[in-house]
Amino acid sequence: MRPRLQHLRRLEGIAPWHSIQMKRAVHSSRVQHASVAPVPPTTSPAAPQIVSRLPHQKTALARLPTSSVLRSYLITLMSSSPTLLSACFAILRRMLDSRSALMNVDKNRLLNRLLKSTFYAQFCAGETEEEVQRITTAAKSDLGYDGIILEFALEVLDGEGEAATADSEATELEIETWRKGMLESVKMASAGDFIGLKWSGLGKYALQLLKEERDPTPSMERAILQACDAAAAKKVALLPGAEEEVTNAGIDKWTLKLQERYNKAEPGRAVIYSTYQAYLKSTPAKLARHLSAAQRDGYTLGVKLVRGAYLSSEPRHLIWGTIEETHKHYDALAESLLKRRYSDILIPADDKGSEAFPPVSIVLATHNYDSVRKAQAIRNEQAAHGAERVQLAYAQLQGMADEISCELVQAGEAQDAAKVDIPRVYKCMTWGTTAECLNFLLRRAAENRDAASRTVDTRKAMGSELWRRVRGVVGFA
Numbered sequence: 104m105r106p107r108l109q110h111l112r113r114l115e116g117i118a119p120w121h122s123i124q125m126k127r128a129v130h131s132s133r134v135q136h137a138s139v140a141p142v143p144p145t146t147s148p149a150a151p152q153i154v155s156r157l158p159h160q161k162t163a164l165a166r167l168p169t170s171s172v173l174r175s176y177l178i179t180l181m182s183s184s185p186t187l188l189s190a191c192f193a194i195l196r197r198m199l200d201s202r203s204a205l206m207n208v209d210k211n212r213l214l215n216r217l218l219k220s221t222f223y224a225q226f227c228a229g230e231t232e233e234e235v236q237r238i239t240t241a242a243k244s245d246l247g248y249d250g251i252i253l254e255f256a257l258e259v260l261d262g263e264g265e266a267a268t269a270d271s272e273a274t275e276l277e278i279e280t281w282r283k284g285m286l287e288s289v290k291m292a293s294a295g296d297f298i299g300l301k302w303s304g305l306g307k308y309a310l311q312l313l314k315e316e317r318d319p320t321p322s323m324e325r326a327i328l329q330a331c332d333a334a335a336a337k338k339v340a341l342l343p344g345a346e347e348e349v350t351n352a353g354i355d356k357w358t359l360k361l362q363e364r365y366n367k368a369e370p371g372r373a374v375i376y377s378t379y380q381a382y383l384k385s386t387p388a389k390l391a392r393h394l395s396a397a398q399r400d401g402y403t404l405g406v407k408l409v410r411g412a413y414l415s416s417e418p419r420h421l422i423w424g425t426i427e428e429t430h431k432h433y434d435a436l437a438e439s440l441l442k443r444r445y446s447d448i449l450i451p452a453d454d455k456g457s458e459a460f461p462p463v464s465i466v467l468a469t470h471n472y473d474s475v476r477k478a479q480a481i482r483n484e485q486a487a488h489g490a491e492r493v494q495l496a497y498a499q500l501q502g503m504a505d506e507i508s509c510e511l512v513q514a515g516e517a518q519d520a521a522k523v524d525i526p527r528v529y530k531c532m533t534w535g536t537t538a539e540c541l542n543f544l545l546r547r548a549a550e551n552r553d554a555a556s557r558t559v560d561t562r563k564a565m566g567s568e569l570w571r572r573v574r575g576v577v578g579f580a
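This note's numbering applies: residue 104 is where the sequence shown begins, and numbers increase by one.
Structural data, given as structure tokens:
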């Protein structure tokens, strides 16, 4: 019996909003009872479920504590309104940029507590190893997730500060900060988890090198290899994120070199991944080139597939003209990877037309329900026919798309593993101080403001779940 199914059965007699509320101090909330005004259920047609729920089963979101459901509903209510979202960003940015002790989230305990119980609790894992372990353990044992993608709240943006040089004290300090953060992340992770990172986190000079497609400095390379060695020894994988297109050629150069070094030990398992953004027109050809290189050099290609997060800043001609085209290419690339088969979109890069496909390990990082459903349908068909399946993980951000994550978990608990695929579900969490994480999250939200506003599905799902619980309290469930 799978561990998460054992935990679910152990918790069956417990009201869902009490299941982890007392243990999860970082994610705790003052809201402890379902005394909110009833939220009417959505009237929009529901998307077909990933796997049909049996009549005796609870809803997928029943495993979440009410405090989390309510917080998610309120935050997505805000984020789905461009006016409220912009106002919230402006207020948080002013607070984080202020030099006043009164507005300093690390010095003002009342302000720290307010932010930590709302935005921080929604998206982040903790400030200390103890807090992170508490949250990640609860995510696995109580909520049923297979693992965590843990990311240190560190990032460097172009144009901040003075120009960097290779051997400056500032550059060495930035490298050391990144190195320590990576090693601490690996230490807090468990075997099978992932560590998220950005190469630009190595500092301003690293960002300059990436843009110029130059190799990392010796100090950077030592830090990178130390992090990779630690991850490989602990059976933890590294997920370098894509950045703006101007840096991606440099990122690919660094990352593929590491894949060739670390992804040969066990065919089908990757220690290092590359991230591919489906909204870029260049992605199918780039992925084909990388598959060809992996086949030629004998290593597993680690693939993290995303839609893309820099829509507002990338040159428009680099991106597909419509969201429908992005959806089409995301799903087509996912299908080719899952089936290890080229297509009319993923065309072999080899001039000779060779369709040899290397071992791949895939992370589908998406909040798109249709993409998840299509991918899982492919996996279930493969399982039903006894076909070989590649290593696959689904990933969603902590505090977002819980309706998808929880339904995937429920699908795995409800099915016979001999007949269908049991999905592996991961949540991506940021760790660091309140100020570090909020700065990090604001930067990511500014990059991906469009995605931040596309939270209507989550808001409706959380509203329906709150309404179900209120009905249960008053005896109308």
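For glycine and all other residues, C-beta sits at the position ideal for the given N, C-alpha and C.
Who are the Cβ neighbours of G502 in its own chain at under 7 Å, not counting the five residues just before and after it?
As a first step, residue 502 must be located in the sequence shown, where it is residue number 399. Excluding residues within five positions, the ones whose Cβ falls inside 7 Å are S175, Q225, F226.
Output the boundary residues of the alpha helix (DSSP H) element that contains Q513.
The sequence position of residue 513 within the sequence shown is 410, counting from 1. Here the alpha helix (DSSP H) through Q513 covers 505-517.
Measure how close the beta-carbons of Q362 and I375 come, nearest whole angstrom, since I'm counting them as under 8 Å.
Within the sequence shown, numbered from 1, the residue matching residue 362 stands at position 259. Within the sequence shown, numbered from 1, the residue matching residue 375 stands at position 272. Going by Cβ atoms, the distance from Q362 to I375 rounds to 5 Å, so yes, they are a contact pair.
Can you tell which of A269, A368, W534, Y497 has the C-alpha that lies nearest to the C-alpha of V289?
The residue given as residue 289 occupies position 186 in the sequence shown. If we check each option's Cα against that of V289, W534 comes out closest.
Looking only at its own chain, which residues have a Cβ that is under 6 Å from the Cβ of L342, when we skip the five neighbours before and after it?
Against the sequence shown, residue 342 aligns to sequence position 239. The answer, listed in chain order, is F297, G299, Y376, K407.
What are the boundary residues of the alpha helix (DSSP H) that T239 is part of?
Locating residue 239 in the sequence shown gives position 136, where the first residue counts as 1. From DSSP, the alpha helix (DSSP H) with T239 extends over 232-244.
With respect to the alpha helix (DSSP H) encompassing I481, which residues constitute its N-terminal and C-terminal limits?
The sequence position of residue 481 within the sequence shown is 378, counting from 1. Where I481 is concerned, the enclosing alpha helix (DSSP H) stretches over 472-487.
Less than 8 Å separating the beta-carbons of Y529 and I507?
By 1-based counting over the sequence shown, the position of residue 529 is 426. By 1-based counting over the sequence shown, the position of residue 507 is 404. Cβ atoms of Y529 and I507: not closer than 8 Å.
Can you pull the DSSP bridge partners for I594?
The chain is shown only over 104 to 580; residue 594 falls outside these bounds and no answer can be derived.
If you run the structure through DSSP and keep just helix, strand and coil, what is Q61?
In the structure displayed, the chain extends from 104 to 580; residue 61 sits before or after that span and is not available.
Output the distance between the C-alpha atoms of S385 and D209, rounded to the nearest integer angstrom.
The residue you call residue 385 lines up with position 282 of the sequence shown. The residue you call residue 209 lines up with position 106 of the sequence shown. So the alpha carbons of these two residues sit roughly 43 Å apart.
Does the region 330-342 come close enough to the region 277-292 that 3 or more CB-CB pairs lie under 8 Å?
Because the criterion of three Cβ pairs below 8 Å is met, the region 277-292 and the region 330-342 touch.
Give me the Cα-Cα distance between N207 and L544, rounded to the nearest whole angstrom.
Translated into the one-based positions of the sequence shown, residue 207 becomes position 104. Translated into the one-based positions of the sequence shown, residue 544 becomes position 441. Taking the straight line joining both Cα atoms gives about 17 Å.
How is I450 classed by DSSP in three states: helix, strand or coil?
As a working note, residue 450 is residue 347 in the sequence shown. The answer is coil: DSSP assigns I450 none of H, G, I, E or B.
Should S182 and T558 be called a contact, given that it needs their Cβ atoms to be closer than 8 Å?
As a position in the sequence shown, residue 182 is number 79, starting the count at 1. As a position in the sequence shown, residue 558 is number 455, starting the count at 1. Contact: yes.
Around the Cβ of R317, are there at least 16 other Cβ atoms within 10 angstroms (buried) or fewer (exposed)?
Sequence index remark: in the sequence shown, residue 317 carries index 214 (1-based). Looking at its Cβ environment, which holds fewer than 16 other Cβ atoms inside 10 Å, R317 is exposed.
Note down the Cα distance separating S464 from G295, rounded to an integer number of angstroms.
Residue numbering aside, residue 464 sits at position 361 when the sequence shown is read from its first letter. Residue numbering aside, residue 295 sits at position 192 when the sequence shown is read from its first letter. Between S464 and G295, the C-alpha separation is close to 13 Å.
If I follow the unbroken beta strand (DSSP E) through L361, where does it start and stop?
By 1-based counting over the sequence shown, the position of residue 361 is 258. Here L361 belongs to no beta strand (DSSP E); instead the alpha helix (DSSP H) covers 348-365.
Check the C-beta distance from I422 over to Y382 and give it rounded, since I have them as a contact under 8 Å.
The count along the sequence shown starts at 1 and reaches residue 422 at position 319. The count along the sequence shown starts at 1 and reaches residue 382 at position 279. At roughly 5 Å, the Cβ-Cβ gap stays under 8 Å, so I422 and Y382 are in contact.
Apply the 10 Å Cβ neighbour rule to A459 and answer buried if 16 or more other Cβ atoms are within range, or exposed otherwise.
On the sequence shown, position 356 is the one that residue 459 refers to. Exposed, because fewer than 16 other Cβ atoms sit within 10 Å of the Cβ of A459.
Does the Cβ-Cβ distance between G306 and T274 come in under 8 Å?
The residue you call residue 306 lines up with position 203 of the sequence shown. The residue you call residue 274 lines up with position 171 of the sequence shown. In this structure, T274 lies closer than 8 Å to G306 by Cβ.
Is it buried or exposed for K161, if we count other Cβ within 10 angstroms and need 16 for buried?
The sequence position of residue 161 within the sequence shown is 58, counting from 1. Looking at its Cβ environment, which holds fewer than 16 other Cβ atoms inside 10 Å, K161 is exposed.
Here's the rule: buried if 16 or more other CB atoms are within 10 angstroms of the residue's CB, otherwise exposed. What is H432?
Position 329 of the sequence shown holds residue 432. Label assigned to H432: buried.
Unbroken alpha helix (DSSP H) runs of length 4 or more, entirely within the region 282-338: which are they?
Fully enclosed alpha helix (DSSP H) runs of 4 or longer: 307-314, 321-336.
Thinking C-alpha only, which one of R482, E254, L569 is nearest A292?
Locating residue 292 in the sequence shown gives position 189, where the first residue counts as 1. Selected option, being the one with the closest Cα: E254.
Could you compute how far the alpha carbon of A517 sits from the alpha carbon of K442?
The residue given as residue 517 occupies position 414 in the sequence shown. The residue given as residue 442 occupies position 339 in the sequence shown. Whole-angstrom Cα-Cα distance: 25 Å.
So P387 is in the alpha helix (DSSP H); what residue range does that whole segment cover?
Reading the sequence shown from its first residue, position 284 is the one you call residue 387. Element bounds for P387: 386-400.
To the nearest angstrom, how far is the alpha carbon of D434 from that of A478?
Counted from its first residue, the sequence shown places residue 434 at position 331. Counted from its first residue, the sequence shown places residue 478 at position 375. Approximately 8 Å, taken between the alpha carbons.
With C-beta atoms as the reference, is A397 less than 8 Å away from L404?
Here residue 397 is taken as the residue at index 294 of the sequence shown, counted from 1. Here residue 404 is taken as the residue at index 301 of the sequence shown, counted from 1. Yes, they are a contact pair.
Could you give the first and the last residue of the continuous alpha helix (DSSP H) run that contains P185?
Along the sequence shown, one-based indexing puts residue 185 at 82. Start and end: 185-200.
What's the gap between the Cα of P387 and the Cα of G401?
For this step, residue 387 is matched to residue 284 along the sequence shown. For this step, residue 401 is matched to residue 298 along the sequence shown. Their Cα atoms are separated by approximately 21 Å.
Mind checking which residues open and close the alpha helix (DSSP H) that includes L217?
To locate residue 217, count along the sequence shown from 1; it is residue 114. From DSSP, the alpha helix (DSSP H) with L217 extends over 212-218.
By a C-beta neighbour count over all protein chains shown, 10 Å radius and 16 as the cutoff for buried, is A368 buried or exposed?
Translated into the one-based positions of the sequence shown, residue 368 becomes position 265. Exposed: under 16 other Cβ atoms inside 10 Å.
Would you mind reading off the limits of the alpha helix (DSSP H) that contains Y176?
Counted from its first residue, the sequence shown places residue 176 at position 73. Residues 169-182.
Taking the DSSP output, what are the residues bridged to I465?
Numbered from 1 along the sequence shown, position 362 holds the residue referred to as residue 465. Answer is V406, L495.
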